[in-house]
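I have placed the structure first, in the form of structure tokens, so that the comments after it can refer back to it.
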Amino acid sequence: MIRDAFINGLLSNSICQRLLENKILDLSSAFDQARSLDVAQQNSNLYSQLTIPTSASIQEIKSPLQKQSMTDNHLAARAKSKQLCWFCGNIRHPHTKCPARKAICHKCKKIGHFEKLCRSSNVSAAIPKIDDDYFCATISASANSLFRVCHNIIINDRYKAEALIDSGSTNKSFISNKLVTLLHLNIIYEQSVIGMASAALSAKSDGYCYVSITLQNKIYNKVKLHVLDNLCVDVILGTDFQELHESITTKYGGKRPPITFAALITMKTEPPELFANLTQDCRPIATRSRSYSQRDKEFIKSEIHRLTQAAIIEPSNSPWRAQVLVVNEKTKRRMVVDYSETINKYTQLDAYPLPKIETIVNIISKYKIYSTLDYYQIPLSKKDRPYTAFEADNKLWQYTRMPFGVTNVSACFQRKIDDFVKKYKLTDCFPFIDNITICGNSQKEHDENLLKFRLAAIDAGITFNEEKCVFSTKTLDFLGYRISYDSLKPDPQRLAPLIKLPPPDNAKSLQRIIGMFSYYAKWIRKFSDKIRPLNSVIQFPLNQQQISAFETLKNELVQSSMQTIDENIPFTVETDASDFAISATLNQDGRPVAFHSRTLQGSEQYYSSVEKEAQAIVEAINHWRHFLLGRHFILITDQRSVAYMYDYKSSSKIKNDKIMRWRIALSPYSYDIHYRPGQCNSGPDTFTRVKCAAISSESLYNLHAALCHPGVTRFHHFIRSRNLPYSVEDVKQICRDCRICRVIKPKYYRPNNVHLIKATQPFKRISIDFKGPLPSSTPEQYMLTIVDEYSCFPFAYPVKDMTTQTIINCLADLFSMFGMPSYVHSDRGSTLMSSELKHWFLSKGIATSRTTPYNPTGNGQVERYNGIIWKAILLTLKSRNLSISSWKRVLPDALHATRSLLCTSTNCSPHERFFNFQRRSSSGSSIPSWLVNPGLVLIKRNSMQSKYEDSVNEAQLIEANPHYAIVRFPNGHQTTVSTKQLAPIGTTPIVQTSNDNLEITAIDNYPLTPNGSNETPLVSDEELESIGNPIEQSTLPPYF
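Just so we're aligned, residue 45 is where the sequence shown starts under my numbering, counting upward by one.
Pasting the structure below:
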């Protein structure tokens, strides 16, 4: 009720409406919000009544008593007109009920009023003064922070004034028109428009004047000040005044460390002689002026203004004149100067040696931590500046700093940075043209070297391109190599097009690939043998043998490309372009060094064939800039018109803006361009025709999603079966990055397995553990399991309890049969950790170990065999219809089966691994059953008189073992033969035909003893009678 009465009593309908919009509102919140809205409304009305100029003006005030703040005066007037409280700002009320009665002001720290109504503001104290009758009347329109950068100055040694240091102004300084009138200064009338921070605002200046200024006991003569109305201070000192100093520091008293904003300064060094090597026929050239669109004109004008303010260019009176071009990039536009038709035509190549790439990368690889910095801005000598003259914005300009696009820039960069390193005695620093690498064998050493370099760079005025700098890395991609500690590998991007080259899928692509391999044949060992499977291809897709040959040739080419680059051998750049891709190869004496290819994107695909070939040349040379800059190389293309366009002799005849921009990009390089027919340009031609270059990873992902997100194996099988142009790495990458696969098929982290000590021979290391209590009809309720770690051979003892003495008795019985082990491992059972058992092991010379707490997998081998043996026991009990309490009866059978069956971890049975021979089973024998029982067998004949005779004879088997047997021939001769010469006689008896009646041939009785000896016969009378009787048809026992 009180809240509603408070809202109904408000005079402002807008405030009532704003309060009623809240869904939840208590009395305290309503009061605070209403007070805030009321104050905001008052200030808004105040600003609407006052006419505040764009910048404050100086006005004459007749009474010194009016120097109070304008803000305070108007607040007081409004409080009086609206009958508001002087202390809280609300409607007039008794002071005893004022909410601000006990409030503390945050501005003056006094009690009794709110901060917004405080009349002790320090604004009036900071008002700049000229004399007692003048001050800045509208200073309330300026921010209080301006006074942090205001300073007292003396103008013409007579008048005191306030000056504002404005770092964001144009390259001009200003003085108030009122102050000019007061000081009777001479004005040089010249109308100009002054741009404000907002593009919609501007001010007009009627002229300028010259004054002398004294600031901090320093005198500045003939300072040019533009006259401007409505200034917030007496004088504004712009960047033209600030550039007279190395730096200007403004202290704000904040808690954070200082921050420095610097313009692009010039390196403090002696300007190099950029044009010292000119040809004798050098003469000034003034190229014809060009026409530009209105948009380009505005951009060129703004760029000239920016470069002029940064003192990078200056007006010129040179007889040379180059033209500018506007380059449209993806995110910005650039203005470049075409020197190809002027000074570059007469500049000879500077022979200053660049560091050898092989040497520098080998030295850097000996360090562990690396940082690279990219720098620019080297001054240009005054005598060389006229050579850089160019036309822009209908005027002639020239550079004061070394421009891009001029020949020999790289040599000058290298010479100056070498002098810099030598001058400051920097160590572990390796410069290469406009890049410096700082190294260290430890982080501390690296940081010390980097700090020393940065201090030297600050002293020398070197400016760095922070976007291209890399700090404190252990792996560095530099000059075509991937460098790490004691490791030097080619940059993966250098060979990426060759590594990702897919197998051919048609006859045309096969022809190109064979041509490419043949082009580099001398760098592939046994090339004729390895290329033969590809030459015999008659259908697609390729079979496994042909794909293997393709991959082998590719790997051979990769290995040849990874060899050390000899910089004494000239480089050759070969380029090509197709409808959807551009590519290039970098060779040395026919050996491939690097490959480059990419897909044409967007509007690039609609370029003419000439422009595509020209773009391939520009991208290839820029891509291998570190190899080609400062060296003369050969450029080969299969487009005759492109060879003509990039020839220096025909540079003035090219009028295409795009080609001209590309020519400017190649101006720092020295090369000879040659034409080669397309059928002879096998290397780059192969990579431009590969379809995989035109297919993005997005297509592969869409295929992955359409197939319901298969795994790597099945997805790669699908790709290969249809000969799609994707590699295994592409498939792995898509499956690895697929978010849906990660959610539905998460691959949880698997820590590295701890490798336990492995036994090297039987019974060297054993593991022990108890299982139980078990249901039993006998007193033995526990089972002590012992496993040999080498062979997995198990032992099990039924025991009554788990005492230490029981363990000792069982182990003593085991050790008496197999000897002492070297090591016994167990879990943390109380009896297994007893001191009595430990002392017993020590007395036997046996070492012991235990698992960590709550980690049963530490004794996993015996834990596993506890389960295996117990499961075998349960299965045996079930098959024999016995109760579980009879487990002791079937334990031997369970152990026998476990010892006889294969162990997958060792790939043999525990018995074979433990005893090194096969275990004999109770259900069979180690030899066939027909060798176990005496009877008729077939024996091999070693000699035959005719080829039509039988190759075997019948004999009586007397006795046999796995290797030898005793047999008796029908003539009574008995001998020992190898079992390799014996064979079973078969199921059908041998018969003779007489009058169509089948009669079984009987076998004569054999003598009982061989050689007529009197030994005990091997065959009994019953057996002999059965042999002499006709044999009934029966089946011989099967093999075991």
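Here a beta-carbon is modelled for each residue, glycine too, at the ideal position from N, C-alpha and C. If you're wondering where the values come from, they're calculated on a predicted model, not measured in any experiment.
| Query | Result |
| --- | --- |
| Contained beta strand (DSSP E) runs [length at least 3] in the segment 197 to 227, N- to C-terminal order | 203 to 209, 218 to 220 |
| Local Cβ density within 10 Å of residue 502, reported as buried at 16 or more and exposed below that | exposed |
| Burial state of residue 757, where buried means 16 or more other Cβ atoms lie within 10 Å | exposed |
| Limits of the unbroken beta strand (DSSP E) element including residue 838 | 838 to 843 |
| Residue 709 and residue 656 closer than 9 angstroms at C-beta | no |
| Sequence-distant residues of its chain with Cβ nearer than 8 angstroms to residue 535 (five each side left out) | 521, 524, 525, 526 |
| Proximity below 9 angstroms, CB of residue 271 to CB of residue 257 | no |
| Contact under 9 angstroms by Cβ, residue 63 with residue 71 | no |
| Chain-order list of residues whose beta-carbon lies under 6 angstroms from that of residue 830 (same chain, five-residue window excluded) | 810, 812, 839 |
| Any chain B beta carbon closer than 9 angstroms to residue 163 | Reference to chain B is not applicable here, since this structure consists of a single protein chain. |
| DSSP state of residue 1129 mapped onto helix, strand, coil | For the chain, the structure presents residues 45 to 1084; residue 1129 sits outside this window and is missing. |
| Three-state secondary structure (DSSP) of residue 853 | helix |
| The segment 1022 to 1031 contacting the segment 993 to 1007, beta-carbon criterion three pairs below 8 angstroms | yes |
| 8 angstroms Cβ shell around residue 217 - same chain, five flanking residues per side excluded | 267, 268, 269, 270, 279, 280, 281, 282, 284, 285 |
| Best match in 413, 1028, 992, 996 for proximity to residue 985 [C-alpha to C-alpha] | 996 |
| Cβ shell of residue 906 (< 7 angstroms), same chain only, five flanking positions each side left out | 811, 812, 813, 829, 831 |
| Contact between the segment 411 to 428 and the segment 505 to 521 (3+ Cβ pairs under 8 angstroms) | yes |
| Candidates 47, 670, 78: closest to residue 56 by CA position | 78 |
| Same chain only: Cβ atoms within 6 angstroms of residue 668, ignoring 5 sequence neighbours per side | 630 |
| Residues that residue 760 bridges to, as DSSP identifies them | Answer by DSSP bridge pairing: none, since residue 760 is not bridged. |
| Identity of the residue in 538, 671, 425, 594 nearest residue 477 by Cα | 671 |
| Test item: CB-CB of residue 932 and residue 822 under 9 angstroms | yes |
| Residue 1023 - DSSP class collapsed to helix/strand/coil | helix |
| Collapsed DSSP secondary structure at residue 349 in the structure displayed | helix |
| Span separating the alpha-carbon of residue 956 from that of residue 636 | 57 angstroms |
| 7 angstroms CB neighbourhood of residue 785 in its chain, flanking five on each side removed | 753, 779 |
| Reference residue 869, options 393, 580, 900, 887, closest by Cα | 900 |
| Residues near residue 850 in its chain [Cβ-Cβ closer than 6 angstroms; skip 5 each side] | 843 |
| Residues near residue 60 by beta carbon distance below 7 angstroms, same chain, minus five either side | 51, 54 |
| Nearest candidate by alpha-carbon position, reference residue 648, set 159, 660, 638, 639 | 660 |
| Backbone CA spacing between residue 144 and residue 133 [nearest angstrom] | 9 angstroms |
| Beta-bridge partners of residue 194, as assigned by DSSP | 208 |
| Range covered by the alpha helix (DSSP H) that runs through residue 500 | 487 to 504 |
| Secondary structure of residue 1046, DSSP reduced to three states | With a pLDDT of 40 at residue 1046, under the threshold of 50, the modelled position of this residue cannot be trusted, and the question is left open. |
| Between the CA atoms of residue 835 and residue 950 - distance to the nearest angstrom | 7 angstroms |
| Per DSSP, the bridge partner or partners of residue 379 | 370 |
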